[in-house]
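Residue numbers for the sequence shown follow the UniProt record's numbering, so the first one is 1 and each next one is one higher. Each residue gets a CB set at the ideal place from its N, CA and C atoms; glycine is no exception.
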Amino acid sequence: MNVKYIRDGLIALGIVLVVAGILNGGFNDTLNKAIRICLECIGIG
1 MNVKYIRDGL IALGIVLVVA GILNGGFNDT LNKAIRICLE CIGIG
């Protein structure tokens, strides 16, 4: 029973941190870096 509460709490914390990162604009930085890395890997960038 105690494990269930810990699991649910960690899931909720993860969701809160993901939402905070999106609202902070971190998603755009990560997406831009991923696009640049992919373009460099195939030789375009």
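Own chain partners of residue i with C-beta closer than 8 Å, once the 5 adjacent residues on each side are dropped
i: residue 41; result: none
i: residue 27; result: 21
Between the CA atoms of residue j and residue i - distance to the nearest angstrom
i: residue 19; j: residue 25; result: 10 Å
i: residue 9; j: residue 35; result: 33 Å
i: residue 5; j: residue 12; result: 10 Å
i: residue 32; j: residue 7; result: 32 Å
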